[in-house]
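Colleague: Got a structure here, written out as structure tokens. Questions coming.
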Amino acid sequence: MRRILLFSVFLLTVFSSSAQQSKIITGTVTDQKTGEILAGVSISIKGTAKGGVTTRAQGDYSINVPADQPAVLVFRYVGYHAKEVTVNQQKIINVTLVEQNNDLDQVVVVGYGTVAKKDLTGSVSSVKMSDLNKAPVRSFDEALAGRVAGVQVTSADGRPGSGVDIVIRGNNSVTQANSPLYVVDGFLIEDPNNNVVNPSDIESIDILKDASATAIYGARGANGVVVITTKKGKQGKPVFSFSSNIGVQRMAKKMDMMSPYEYVKYQLELTPALTGTPATPTQIYLTDGKTLDYYNGVNPIDWQDLVSRTALYNNNDFAVRGGTKKLKYSLSTSTVNQNGILLNSNYQRYTGRAVIDYAITDKLKVGINANYSHLKQKGIDPTRGENGATTNVMTSILGMRPVPSEVFDLEDAFQDPDMNAGNDYRINPVISLQNAYNVTTTNNITANGYAEYAILKDLKLRSSFGIIENKAENDVFNNTKTSAGRPGGVNGVNGKITNNNYSNWLNENTLTWDKKISKKSKINILGGFTMQKRHTWSNGRSVTQLPNEDLMFDGFDQGVQQRVDPSASDWTMASFLGRINYNYDSKYLFTASYRADGSSKFPSQNHWGYFPSAAIAWRFDQENFLKKSKVLSEGKLRVSYGQTGNNRVGDFDYLTNYFNPIINTYTFNNEYVPGVIPTKLGNSDLKWETTEQVDAGIDLGFLKQRITFSADVYRKVTKDLLLNTQLPPSAGFGTALKNIGSVENRGLELTLTTQNIVTKNFTWSTNANIAFNRNKLISLAEGQNTLESTINWDAAWRNVSAYVAEVGQPLGSMYGYEWLGTYKYADFNTSVNGSGVTIYTLKPEVATNGNTRATIQPGDIKYKDQNGDGVVNAQDYVKTGNGLPAHTGGFSNNFTYKGFDLNIFFQWSYGNDLLNANKMLFEGNSNGLGNFNQYASYENRWTPQNAESEMFRTRGFFGGGYSSNYVEDGSYLRLKTVSLGYNLDPKLLKKVYLKTLRFFVSAQNLATWTKYSGADPEVNTYRSVLTPGFDFSAYPRARTVVFGTNLTF
Amino acid sequence: MKKIYVLLVLVAIASSSCKKFLDTQPTDKIALEQYYTDETGLTQALAGVYDPLGSGNVYGNLPNGFEACTDEGYYARSGQVTGIQVFNFDPSNTNVTNLWTDLYTGINRANDLIAHIDVPQMDEGKRQIILGEALFLRGYYYFMLVTRFGDVPLRLAPTTSPNDVQLARSKTADVYAQILKDMTTAETKVATSTAIGYPSRVSKTVVQGILARVCLQMAGYPLNDTGKYADALAWTKKVISSGEHALNTTFSTDATFNGFNETLPSVPANSNNAYRQIFINAAQEIYNTKESMWEIEFKGNRADGYLDLGPLGSQVGITMTPSAANSPLYSYPGYCYGFIKGTARLFNKYDATGKDLRRDWVLTTYTWTVNNTTNTATKTAIAKTVQYGRDMAKWRREYELLTPKDKNQTGINFPVLRYADILLMFAEAENQVNGPTADAYNAINQVRRRGYGLPVAVASVVADLTGLNKATFQQAIEDERMRELCFEGLRRMDLIRWNKFVSTMNSVGAEMGAAPTTGALTSGNQQYGGLGGKNVTARNLLFPIPSLEMSSNKLITENNPGW
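Chains F and V, in that order, give the protein sequences.
Under numbering that gives the first Met the number 0, residues 0 to 1048 are what the first sequence spells out, in order.
Under numbering that gives the first Met the number 0, residues 0 to 562 are what the second sequence spells out, in order.
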């Protein structure tokens, strides 16, 4: 009925309008700036659906408009601002359209200045903040993955506040940090806590990638630079903006564990004995005449459900920005409250920022940007146990038996009483999580003030001074219901307070000469001097045997005080920097920069390092033969070369350090004497790590930048690596820093943005990027060909090599046996013993798996004997996987339809492998633990009835090395962010004194496509260059959905 | 323009003050001079030199690792089919690497201390004592290295730069020469046992005793420098004539020290004796430097935050493994993995009737039966016929006094040099130099009489040896060392210097491999205990140079024979 009604109204409108009188308007449409005629401009009459026309080839048009009432013509053209003209009495209306501020006019923040994107000579990528801010995340780095080509972002796991690694153009350094330098509002920070910056305060994030862009940061530029600029006040009435969202997070993927039936079946296979100490499965499960089949009808205890929850996420921002011509201000505050999806974990943040810019005179400007953040992270880190895999909470969650006991209440028991607690430290994960107290509180003040003085018209002096005060306190309390504080443990109830603090100041003074030399050439010269100092200190308190656990930290005076070693250290840096930008006719662009960095981290003869760079760019679209092109709107070739450095070493690593560590105590006459020992060997030749980078890039734009494309190829060679080199153990030290070895990274980055559809009501734009990086270790220390790494996730595995870096290969490859499935019956000779039992003896020509030959049985795990000596051992280790992806990228789509906007963002990683250590415990029980549940996938294990299975039998595991059985393809494609918003009509809002009002729903981690069998392929629980993609006991990743409002008035 | 000049001047001033700005000084104490300030500082540096001895890779891993498999005992886990415990490992083995690393760490610390001995302001006499101990320890670390790895790099100066660390191996004989040089110098400097008063610092007689041990080692395989028997004899004589040491002959008569299920019916109800009292004292942190001359000192239960504990009693001892994590049994009798069991060969070396009281101490006569429900542990007698599968029981946690007890480790000191060893070394050297003289008989028989619970100074028909020739006396010494010193970390070295390591290990491996699986002679199937012995070949006379050293020290080009 309603449709018919609508249809009638429509007909009526058509009829009535056609009945009206009309007049003809003609005219020409041109570009306001260039005067070019514009063909194909669409012209419509506002408020009607009919009568639209487009301009012809000569830019002219004619259109019928109703004569009896004032009409409004709307002119629309791709890449130009729409224009409305009211028709009064005139018959000819000539219109000029203004080109939209497209990305070419965008200003990019580079080191110590800004530059128009079109004049860039280096490789700098800007993050599209409007897209990034649609992701419901607490910190910008959580949403950065896939946004920018060449910026690889990996987070450790799903724990709120978990570490995020950002690597720009591959890993340069082998044993030292590879994280980029951050420049937040001009303040240089090497290891910021990115949580201190509220993402909605961020105006822009620019990522400097090639040496031409980063060399101005000299000794700290080699890993790339992330330049973050926060919002400033704008001239005008105060604009109040308020944004709030609230939503829920749920575990994205639960692991499929064995059912009660399968579990009991497995237990009986594992321990067939009828009786024993502790009680055998037969004694536990087959009492009172129960049979295995009984467990088909038993309801399982789902521990994953018991420890997880639908967790609240809430974020509120409030800001007011505005100003006069002289005084501009921006004040903002925010709160975040994010519950973790595991019980008793939480992240809270409160921030406040004030930015004030004041022009005292025409020549003198001053300003300050100050931020305070209070962060509170609560909950234990499941990836870290106490020297045994069974102490990690995820091991308890997945491994606790799913079968309720009839003797005791398993869900309330502190430990499964039937478990062998002698070598199995699992405790009830619900109790463990609920009682864990681990809170880190961080207070961060960052303030940066400046004064800018125009000495001459072209010459500007800028001086700034900034400070960061960061105080982090970690409080841990282990009561009687925690693993570390349980009765019977030697520490009893215990607690620890650790303070880690730093304060950092930076003074920068720059002089900029910006001169138009002639009509066609411009020059910009920058010179500067900076000084920076950082002081770090830590201290704390540790107490055991606390008699009153109810008092918690207040009872600390009652316990046994443990030794805590405080520490303090400083580094300083002084730098001279200079840069010349030369621009001839906007066609030929030239940049050269130079920085001299003096760092206290090196011995005095090596204090200073020098970092030059140069780049040229040719904007061939400005050449006469292309200037008129209708197709090509941008064309630029760029080439750059430069040297940058890395100084990520300890403050006094060049000195041999002495100390009396508590672990090096020796006892004389029953009294502890802390041994004074050299703890670290110094190196009086220590200096910078240097990266040389060549980059060539092309930027293309088509159809008035409706399509833009950028490609960069680069080669980086890092030499004089600050390598924590293995020394001969006979030297008395394990490792020492040496400038030795070399690493190469080569890559290709492609970025494409398109505006696919631009109509009055509907737009669709796409942004895609992909980056390929090939990493290669060129050399290590003299004569050293490989560097093996172990991972201490379990005491049994801490000395077994898990990763290898081999000269000529990428860093961080998985290392171990090549897995061949299982031994089959055909591998054995058979005989029958006196009791009539068939005995299987491995054929002499078949290699062992490291176990004693006589012990190996059909169904046991089988590895490849690479050297053919009949025995599998460490000599048979091969590279079993590659921790680095072949390519990573992102794909973002923005749709608007009338008031609706929709953003869909995909992100992927392809070609990297993961080392799934969870599978070692839960698909075959490598530690042979009793009462330990397994993945449902282990039901397919080898049995005499399932003799073709490649999954080893119960107790068929033999270790001695990791194997390719646990290396999995970690490629994934993730629907990372979906955000749907609706903007209310501004006209309506005006009536209620609002400027904008948007309602939205956003979701994060909605879907993931991967072959990885574990819970989440975006995992890196032992983050280091040498050990990428290790998965053990990761905090489950959440799927987040929030509803919210953006409001300005 | 003037303003620019002003700026340039400012920049110039800034750059000249840069040097000062960049020359930061540590705010923590990190320089040697900040620690080597006085006697206390130098003593702490000396503790740093001693520290590797107590590490979990050196004496902390001796009884259950490097010395786990001899003709005295075997690693009591049938699943252990690889590793040093069963002589199935390669040069990348972590235990071997860590042993090598820790010994050289000790050497570097000793070199550092020796090089900077004059830094602190202190009493000169005390400085010389510390210097003597550092020299001795450097020698002792090299002794541990040369007996296990053969030719090794001889580093005599502290490492100060990572750029000059490559060093070739020195010949075994040259290493020994340096050991003798360091130890003989040390012998003139260190304090006497009486002056020190406790067994964890090295005294003059300890240096003399260890010199005797070094000389005996040199006299045997592989150097076969038989002239060193005379030197060994001289050093042991110095110890004996010092009057500072004697066999322990006292013991508590308190009923709490009573034995359980002793073999010999005639042993009185109070079956404690002087031999077992040595090890009970160790568990109770009671020093007796007369007998136990040098000990690796362990202490604590981790509750105080220190980690200076050892493996005796918890890793090796009588198995006691309750399954509940918070069981009170952790505090009494105390958790014990029982990683080492004795061989039947060891059991049968003792007097079959049990008159040699040492047997029922070093091999357990009972097992702990644990009830996980009531949290009780009771002693269950082992049948007296059982020769196979008795836990090594020389150190027992039930005598520890400090509670709560740590699950994995104890404060029980490791005895490196006992006076009984001095007497046996004397007897061996005397026999080699002068034949089985009365002095030689007297020395060995004192040890035997104490083992039989008899007065050491009174001749005994039951315990005394008589009527042996040089060869049979040597054999008697070899057996007596096993009976007296078993599990004290000496057997492997002894068998090697007597040049019978491979044959002995192979034969004991075969014996264990053919052990009865059931019946009165055994507690369960112990045949796996033969695995290690069977795996021994000539290459096991030395450990391999660790692959970590080979790959980072290019001047070592060849590994030990067979590796």
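Just so you know, even glycine gets a beta-carbon here, dropped at the ideal spot from N, CA and C.
Tell me which residue opens and which closes the alpha helix (DSSP H) that residue 207 (chain V) is part of.
Modeller: Walking along the second sequence from the start, residue 207 (chain V) turns up at place 208. In the DSSP assignment, residue 207 (chain V) falls within the unbroken alpha helix (DSSP H) covering 203–218.
Colleague: Taking DSSP's pairing of strands, which residues face residue 44 (chain V) in a bridge?
Modeller: Reading the second sequence from its first residue, position 45 is the one you call residue 44 (chain V). DSSP, once it has assigned bridges, lists no residue as partnering residue 44 (chain V).
Colleague: Which full runs of the beta strand (DSSP E) of 3+ residues lie inside the region 603–666 of chain F, going along the chain?
Modeller: Listed in chain order, the complete beta strand (DSSP E) runs (minimum 3 residues) inside the region 603–666 of chain F are 607–618, 631–645, 656–658.
Colleague: For residue 761 (chain F), which residues does DSSP report across the bridge?
Modeller: Reading the first sequence from its first residue, position 762 is the one you call residue 761 (chain F). Partner(s): F:896.
Colleague: For residue 134 (chain F), which residues in the same chain have their Cβ closer than 8 Å to its Cβ, ignoring the five residues on either side in sequence?
Modeller: Taking the first residue of the first sequence as 1, we reach residue 134 (chain F) at position 135. Once the five neighbours on either side are set aside, the close Cβ partners of residue 134 (chain F) are 141, 142, 904, 975, 976, 978, 1001, 1003.
Colleague: On the criterion of 16 or more Cβ atoms from any shown chain inside 10 Å, does residue 186 (chain F) qualify as buried, or is it exposed?
Modeller: Start at 1 with the first residue of the first sequence, and residue 186 (chain F) comes out as number 187. Buried, by the Cβ-count rule.
Colleague: Please name the residue in F:259, F:335, F:336 whose C-alpha comes closest to that of residue 301 (chain F).
Modeller: Indexing the first sequence from 1 puts residue 301 (chain F) at position 302. Of F:259, F:335, F:336, the residue nearest in Cα terms is F:259.
Colleague: Kindly say whether residue 306 (chain V), judged by its beta-carbon, lies nearer than 9 Å to any beta-carbon of chain F.
Modeller: Stepping through the second sequence from its first residue, residue 306 (chain V) is reached at position 307. So, interface residue.
Colleague: Kindly provide the ranges of any beta strand (DSSP E) runs that are 3 or more residues long and lie completely inside the region 81–114 of chain F, ordered along the chain.
Modeller: 82–86, 94–96, 106–109
Colleague: Rounded to whole angstroms, what's the CA-CA distance from residue 8 (chain F) to residue 64 (chain F)? Just pull it up for me.
Modeller: The residue labelled residue 8 (chain F) in the question sits at position 9 within the first sequence. The residue labelled residue 64 (chain F) in the question sits at position 65 within the first sequence. Reliability fails at residue 8 (chain F), whose pLDDT of 41 lies under 50, so the model's placement of it is uncertain and the value that follows must be treated cautiously. Rounded to whole angstroms, residue 8 (chain F) to residue 64 (chain F) spans 21 Å at the Cα level.
Colleague: Against chain V, which members of the region 651–669 of chain F pass a CB distance test of less than 8 Å?
Modeller: 651, 654, 655, 656, 657, 658, 659, 661, 662, 663, 664, 665, 666, 667, 668, 669
Colleague: Going along chain V, which residues have a C-beta under 7 Å from residue 606 (chain F)?
Modeller: Locating residue 606 (chain F) in the first sequence gives position 607, where the first residue counts as 1. Within chain V, the residues 21 have their CB atoms less than 7 Å from the CB of residue 606 (chain F), given in chain order.
Colleague: Am I right that residue 39 (chain F) and residue 54 (chain F) are in contact with their C-beta atoms under 8 Å? What's the rounded C-beta distance?
Modeller: For the purposes of this step, residue 39 (chain F) is taken as the residue at position 40 of the first sequence. For the purposes of this step, residue 54 (chain F) is taken as the residue at position 55 of the first sequence. The Cβ separation is near 6 Å, so the contact holds.
Colleague: Under three-state DSSP, which class holds residue 303 (chain V)?
Modeller: Position 304 of the second sequence holds residue 303 (chain V). Coil at residue 303 (chain V), not helix or strand.
Colleague: Interface residues of chain V around residue 399 (chain F) at Cβ under 9 Å?
Modeller: Translated into the one-based positions of the first sequence, residue 399 (chain F) becomes position 400. In chain order: nothing, as chain V lies at least about 15 Å away.
Colleague: If you count every other CB in all the chains shown that lies within 10 Å of the CB of residue 824 (chain F), and 16 or more means buried, which is it?
Modeller: Here the question's residue 824 (chain F) lines up with position 825 in the first sequence. Residue 824 (chain F) is exposed by the Cβ-count criterion.
Colleague: Say whether the region 758–776 of chain F touches the region 725–738 of chain F, bearing in mind that this needs 3 or more beta-carbon pairs closer than 8 Å, one atom from each stretch.
Modeller: no
Colleague: Pairs of beta-carbons, one from the region 407–422 of chain F and one from the region 934–947 of chain F, closer than 8 Å: are there three or more?
Modeller: Output reads no: the region 934–947 of chain F does not touch the region 407–422 of chain F.
Colleague: Is the separation between the beta-carbon of residue 540 (chain F) and that of residue 560 (chain F) shorter than 9 Å?
Modeller: Counting from 1 along the first sequence, the entry for residue 540 (chain F) is found at position 541. Counting from 1 along the first sequence, the entry for residue 560 (chain F) is found at position 561. Cβ atoms of residue 540 (chain F) and residue 560 (chain F): closer than 9 Å.
Colleague: Per the contact definition of three or more C-beta pairs closer than 8 Å, is the region 884–894 of chain F in contact with the region 834–853 of chain F?
Modeller: no
Colleague: Does DSSP classify residue 360 (chain V) as helix, strand or coil?
Modeller: In the second sequence, the residue the question calls residue 360 (chain V) occupies position 361. Correct three-state label for residue 360 (chain V): helix.
Colleague: For residue 718 (chain F), which residues in the same chain have their Cβ closer than 7 Å to its Cβ, ignoring the five residues on either side in sequence?
Modeller: For the purposes of this step, residue 718 (chain F) is taken as the residue at position 719 of the first sequence. 689, 741.
Colleague: Are the region 416–430 of chain F and the region 303–323 of chain V touching by the rule of at least three beta carbon pairs closer than 8 Å?
Modeller: Enough Cβ pairs lie closer than 8 Å, so yes.
Colleague: Measuring only the C-alpha atoms, how far is residue 589 (chain V) from residue 357 (chain V)?
Modeller: What the structure shows of chain V is the stretch from 0 to 562, and residue 589 (chain V) is not part of that stretch, so it cannot be assessed.
Colleague: Of all the residues that make up the region 320–332 of chain V, which are near chain F by a beta-carbon distance shorter than 9 Å?
Modeller: 320, 321, 322, 323, 324, 325, 326, 327, 329, 330
Colleague: Would the beta-carbon of residue 358 (chain F) fall within 9 Å of that of residue 21 (chain V)?
Modeller: Locating residue 358 (chain F) in the first sequence gives position 359, counting from the first residue. Locating residue 21 (chain V) in the second sequence gives position 22, counting from the first residue. Going by C-beta atoms, residue 358 (chain F) is not nearer than 9 Å to residue 21 (chain V).
Colleague: By the DSSP assignment, the beta strand (DSSP E) with residue 318 (chain F) in it spans what residues?
Modeller: Here residue 318 (chain F) refers to the residue found at position 319 of the first sequence. Start and end: 310–322.
Colleague: At which residue ranges does the region 203–256 of chain F contain complete alpha helix (DSSP H) runs of 4 or more residues, listed in the order of the chain?
Modeller: 210–213
Colleague: Entirely within the region 547–579 of chain F and at least 3 residues each: give me those beta strand (DSSP E) ranges in chain order.
Modeller: List check, beta strand (DSSP E) in window: 559–561.
Colleague: Could you pull the start and end residues of the alpha helix (DSSP H) that residue 234 (chain V) belongs to?
Modeller: In the second sequence, residue 234 (chain V) corresponds to position 235, counting from 1. Taken as a continuous stretch (DSSP letters only), the alpha helix (DSSP H) holding residue 234 (chain V) covers 227–241.
Colleague: Would you check if there are 3 or more beta carbon pairs closer than 8 Å linking the region 1022–1035 of chain F to the region 333–347 of chain F?
Modeller: yes
Colleague: Put residue 459 (chain F) into one of helix, strand or coil per three-state DSSP.
Modeller: Translated into positions along the first sequence, residue 459 (chain F) becomes position 460. Here residue 459 (chain F) sits in strand by DSSP.
Colleague: For residue 298 (chain F), which option in F:526, F:838, F:403 has the closest C-alpha, if you only look at C-alpha atoms?
Modeller: Numbered from its first residue, the first sequence carries residue 298 (chain F) at position 299. Checked all of F:526, F:838, F:403; the closest Cα to residue 298 (chain F) is F:403.
Colleague: Quick check on this structure: which residue in F:923, F:1020, F:1025, F:1038 has the alpha carbon closest to the alpha carbon of residue 266 (chain F)?
Modeller: Taking the first sequence and counting its residues from 1, one reaches residue 266 (chain F) at position 267. The option with the nearest alpha carbon to residue 266 (chain F) is F:923.
Colleague: Starting from residue 162 (chain V), find everything on chain F with Cβ-Cβ shorter than 8 Å and list it in chain order.
Modeller: Locating residue 162 (chain V) in the second sequence gives position 163, counting from the first residue. Here the neighbours are 682, 684, 737.
Colleague: Closer than 7 Å, Cβ to Cβ, to anything on chain V: give me those residues from the region 836–853 of chain F, in chain order.
Modeller: Answer set for the region 836–853 of chain F: 849, 850, 851.
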